[in-house]
Amino acid sequence: MDERYDPKKVEPKWQKQWAEKNLYKTRFDESLKKFYCLEMFPYPSGKIHMGHVRNYAIGDVIARYKRMRGHNVLHPMGWDAFGLPAENAAIKHGVHPSKWTYENIAYMKGQLNKLGLSYDWDREVTTCSPEYYRWNQWFFLRMLEKGIAYRKSSYVNWCPSCETVLANEQVIDTRCWRCDSVVVQKELFQWFLRITQYADELLAACDGLTGWPEKVVLMQKNWIGKSYGVEVDFRIEGSDEHIRIFTTRPDTLFGATFVCLSPPHPLSALLVPDRVELEAITSQYGKVDEKIGLFTGRYCINPVNGEKIPVYIANFVLMEYGTGAIMSVPAHDQRDFDFAKEYDLSIRQVIAPEENVGAGLVPAQGSGQPQGLSLHAAFEDEGVLVNSGSFSGMRSDAAREEIAKYLEAKGLGKKMVNFKLRDWGISRQRYWGTPIPVVYCEKCGIVAVPGKDLPVILPEDVRFTGKGGSPLLDSTSFLETACPGCGGKARRETDTMDTFVDSSWYFIRYCFGKDEPGLDAKMKSMSRELGYWMPVDQYVGGVEHAVLHLLYSRFFTRVIRDLGITGCSEPFSNLLTQGMVIKDGAKMSKSKGNVVDPDYLIDRYGSDTSRLFSLFAAPPEKDLDWSDKGVEGAYRFLSRVWNLVFKNRGVLKGTGTIAARGPETAALSEEGRRILRKTHQTIRKVTSDIEKEYHFNTAIAALMELVNEVTGFEPRSEADIEVLKSAVENTLLLLAPFTPHIAEELWEATGNRPFISGRQWPAWDEGLAKDEEIELVIQINGKLRGKLMVPFGLSDEEIKKLALGDGKTAEWTSGKSIRKVIVVRGRLVNIVVG
RNA sequence: GCCCGAGUGGCGGAAUUGGUAGACGCAAGGGACUUAAAAUCCCUCGCGGGAAACCGCGUGCCGGUUCGAGUCCGGCCUCGGGCACCA
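The numbering of the first sequence is this note's numbering, which starts it at 5 and goes up by one.
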């Protein structure tokens, strides 16, 4: 054994041995209790960053811990390998996306292995390989059959810089999530997946996500955005047509003073004969900073009071939500209020605050203006109805229900539920993605590629100019094909799939290992592998995927369930969203110049130190403040552990392992008893910190305390030596999930056979962990006045007597009467005097 | 604007979920070893007062409940995150 800790010698040695023995290979064995531990797979951008190190260190601790607890652990890794950066690299540097991607994967895989992560690499997936993406295509065809995949023309978010469509989730603050360009609206034919069909189920199941952070569940709920309301028809005056609106506030129906249509609404073209005017307003559709309207010159009739109100086209009314038309109640909706002010439309209050009604401050009957009050803004709260015919005087929440019932009874409207969630547009006008397996035939129209012809291979021989649309448009060998239906001339779909499709089911692909999943065959009976491994027991990743990836995965899993492939609905039982890695007050990024290079870190301190620091500096869910000095502290701690073993290498190697046996406490020195107790307390503390909340920071702190104590321990007897050995071996076992290399090396150095990773997690003895004495705190009137060492396990009466007999107590209580004495067992005594 | 979180030493963070505030680590100061430096080891380390024992104050601010509040309740302030014409 070397005198000094040198991770450069230790780490490659064990990485080599783990790989040679294929130690982390997982076998499908239904007799064992499984644990599926998964971290979000990376995009192979070139090199890993500290965020990855943290993410994968957290996951690896969990996987290694669960293995030591006797679980059959599935812990796989792969590559989210399709995506725009590869294509941008092709345009910029002339390197093919495939070459670029696979080279990055090779490099990054080396980096992950240098971190000592315990993956079963036999299950590695690479989403850009035809073996993977053929199943994307297969799922697409199944969805096409079931009507879940469909094509429609719609307004889509278009990134002019990336020249592609973006899903709503990919638009951040009106900008492209990837390149930050301002997104514009464009009308295009696109492929969609009908995620809205699962909206209700996805929402209802949110309440079952008890292992997820509440914050994430809430974000999912808000994104799905279920709201209850009514649809009401407003007849257009002088026409048989009517405008169907959706509102969540039927209680304000009497206050509707105009109706607005979305520019793309079919009735807009009908009511506005002037093409130029309509186009002008349509071009403003989706513009967020300004409300623009166009009066159609037409009127419609409010069905509850027969009132004639004007019809506008308004740029802020969304075609994709509700019916694409709204009733406007400026008195009770701020957006309508702003619009009414701009176009000088009347504002009529129909809900008054309850306290105003009591004070007689209600709007005069028939007038729009409240008596003694004028509205400066919309009143959106609950209140009491006024100016609302027979509903006046009713509370707004009750009126919402009553008016809805009234409308239904009269056949004027219908209760309706709406969701914010839209169908998922998956078409991307890009090369580096999964080809959508359909062809366009001159005779037959849209034809699905038959399953036997899958995969539709992405052609390699394309040119990347960076101009215009997808390079696939120039690839005649790809483009021109025969129609699977009639054999005639057909053209392939050139759009590829959103890469979020790839990541929506990769956790299912892992379950099959190297084997072809053969989903076609699995249709007949549910796959046993899938049934065994799914759902993922612990998923670990960044919170930035709280909506997009997680929602899509929940959707895909349900579709796969409904195809009869799995019985599992919810893919991730427990979710841990780790915080960001911060340095100098900002998230690490190249543009900020505050990145720490994992390669440098591993080279200088080793991966055990890198892992240890990123686990110790903060609990996993919180942001981690990077500190170069803190890293050195972690290295110092590992060196101290090394030195402890080195110093005692003679005795540690000599005695047989006694970790399981508690030596006779009588033969121990007092110090020996203390170390033994501390050892068992530490096993208990580390175990519960991992089990409870994955609070590795406090677990590591406890290990540091133990090592600090053991370092000063001078054994005086054979029994003491056994205690020392037990303390050291338990330290190494507890350390193994966090810093596996040094744990293996020192495990071997203390005369044990490899591998520590395969050992059982230590158990503590509650009796040995028990304190002999406790420090009794004495409070007078809640203030700390003294401390007393007392034997463990005294009765309340005995404790009280001791506390009252203490000299300190007498000083503080003299001349006062004792009103009350409160005893908190094992903690403190509070004496109340007055 | 709406919906969530979070505010504890010089810093990162602990505190059996109502019971000793500041574990552990970093930084800082002092000391030992060394020709010297690095490394290592030991001591001090919330603020104020005191030579000391000790005393007072202290978990963003104000109030409340309680024998006792970082923790519970009410009201504010600040910061962070998510959503944002969803009718």
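Backbone N, C-alpha and C fix where the C-beta goes; we use that ideal spot for every residue, glycine too.
Nothing here was measured: the structure is a model prediction, and the numbers come from that model.
Span of the beta strand (DSSP E) around residue i
i	result
Asn161	Ala153 to Cys163
Asp237	Lys230 to Ile240
Ile450	Gly449 to Ala452
Arg823	Ile822 to Val828
Leu792	Lys787 to Pro795
Gly844	One cannot answer for residue 844 here, as it falls past the ends of the chain, which runs 5 to 838.
Of the listed residues the options, nearest to residue i (C-alpha basis)
i	options	result
Val160	Leu170, Ala153, Ser122 and Trp436	Leu170
Ser897	Gln582, Lys103, Gln19 and Met147	Residue 897 cannot be examined here, being either before or after the span of the chain that is shown, 5 to 838.
Ile143	Val794, Pro454 and Ile317	The displayed chain sequence assigns Phe, not Ile, to residue 143. Measuring from the Cα of Phe143, the nearest candidate turns out to be Pro454.
Gly29	Tyr60, Met81 and Trp139	With the sequence shown as reference, residue 29 is identified as Lys, and Gly is not the correct amino acid for it. Comparing Cα positions, the closest option is Met81.
Met708	Glu726, Glu235, Ser721 and Ala731	Ala731
Thr817	Ile782, Ser799, Ala621 and Leu619	Ile782
Glu324	Val711, Leu425 and Gly114	Leu425
Thr251	Leu411, Glu718 and Glu358	Leu411
Tyr40	Arg615, Val540, Gly654 and Glu625	Val540
Thr683	Met223, Leu792 and Val714	Val714
Glu294	Ile285, Met331 and Asn422	Ile285
Glu776	Lys696, Pro766, Glu695 and Leu680	Leu680
Asn57	Gln194, Gln582 and Tyr316	Looking at the sequence shown, residue 57 is not Asn but Val. For the residues Gln194, Gln582 and Tyr316, the minimum Cα distance to Val57 belongs to Gln582.
Arg352	Arg757, Ser332, Ser49 and Asp607	Ser332
Val727	His745, Glu752, Tyr9 and Val655	Val655
Trp509	Thr480, Arg71, Thr570 and Val451	Thr570
Pro463	Ile803, Cys132 and Ile317	Cys132
Pro267	Glu107, Ala590 and Leu275	Leu275
Ala452	Pro48, Tyr154 and Met44	Tyr154
Arg239	Asp211, Ala807 and Val315	Val315
Own chain residues within Cβ distance below 6 Å of residue i, not counting five before or after
i	result
Trp436	Phe86, Ala90, Glu91 and Pro101
Trp839	Absent from the model: residue 839. The displayed extent of the chain is 5 to 838, so no value can be given.
Asp237	His246 and Arg248
Trp22	none
Asp627	Gly583, Met584 and Ile586
Neighbourhood of residue i by C-beta, 8 Å cutoff - its chain only, sequence neighbours within 5 removed
i	result
Glu674	none
Gly637	Phe617
Asn701	Leu619, Phe620, Ala621, Ala622 and Pro623
Arg562	Tyr202, Glu205, Leu206 and Ser573
Unbroken alpha helix (DSSP H) run spanning residue i, endpoints
i	result
Lys96	Leu88 to His97
Lys805	Asp800 to Gly809
Glu718	No alpha helix (DSSP H) holds Glu718; DSSP gives it neither H nor E.
Gln338	Gln338 to Tyr347
Gln21	Pro11 to Lys25
Trp142	Pro134 to Glu149
Met72	Met54 to Met72
Asn108	Pro101 to Lys118
Residue i Cβ short of 8 Å to the ligand GTP heavy atom set
i	result
Ala344	Of the ligands one can find in the structure shown there are none, so the ligand GTP has no counterpart to examine.
7 Å Cβ shell around residue i - same chain, five flanking residues per side excluded
i	result
Gly819	none
Pro843	The structure shown does not extend to residue 843, since the chain is modelled only from 5 through 838, so no value can be given for it.
Val65	Leu619, Phe700, Pro741 and Phe742
Val747	Position check: residue 747 holds Ala in this sequence, whereas Val was assumed. Counting only Cβ-Cβ distances below 7 Å, and skipping sequence neighbours, we find Leu736, Leu739, Ala740 and Ile760.
Asp724	Leu672, Ser673 and Gly676
Arg665	Unreliable placement is indicated for Arg665, whose pLDDT of 49 sits below 50; the coordinate value is still reported in the next sentence. Here the set comprises nothing.
Val187	Asn161, Trp162, Cys163, Leu170, Val175, Thr178, Arg179 and Cys180
Gly838	Lys820, Ser821 and Arg823
Between the region 272 to 284 and the region 334 to 344, do at least 3 Cβ pairs fall closer than 8 Å? no
Alpha helix (DSSP H) runs contained entirely in the region 461 to 533, provided each spans 4 or more residues: 480 to 483, 510 to 513 and 523 to 526
Give, in chain order, every unbroken run of the beta strand (DSSP E) that is at least 3 residues long and sits entirely within the region 309 to 335. 312 to 318 and 329 to 332
Can we say the region 513 to 523 touches the region 475 to 482, given the rule of at least three CB pairs closer than 8 Å? no
Measuring CB atoms only, is the region 144 to 163 touching the region 113 to 132, in the sense that at least three cross pairs come out at less than 8 Å? no
Across the region 438 to 446 and the region 487 to 503, are there enough close Cβ pairs to call them in contact, namely three or more that are closer than 8 Å? yes
Fully enclosed by the region 236 to 316, which alpha helix (DSSP H) runs are 4 residues long or longer? 270 to 275 and 279 to 286
State whether the region 305 to 314 contacts the region 215 to 225, with contact taken as three or more CB pairs (one from each stretch) at a distance under 8 Å. no
Tell me, please, whether the region 383 to 393 touches the region 200 to 213 by the rule of three or more beta-carbon pairs shorter than 8 Å. no
Mind pulling the beta strand (DSSP E) runs of 3 or more residues that sit fully within the region 187 to 216? 188 to 197
Any chance the region 455 to 470 sits against the region 398 to 412, with 3 or more Cβ pairs inside 8 Å? no
Between the region 42 to 56 and the region 780 to 794, do at least 3 Cβ pairs fall closer than 8 Å? no
Please specify which runs of the alpha helix (DSSP H), each continuous and at least 4 residues long, are wholly inside the region 566 to 643, giving them in chain order. 602 to 609 and 611 to 620
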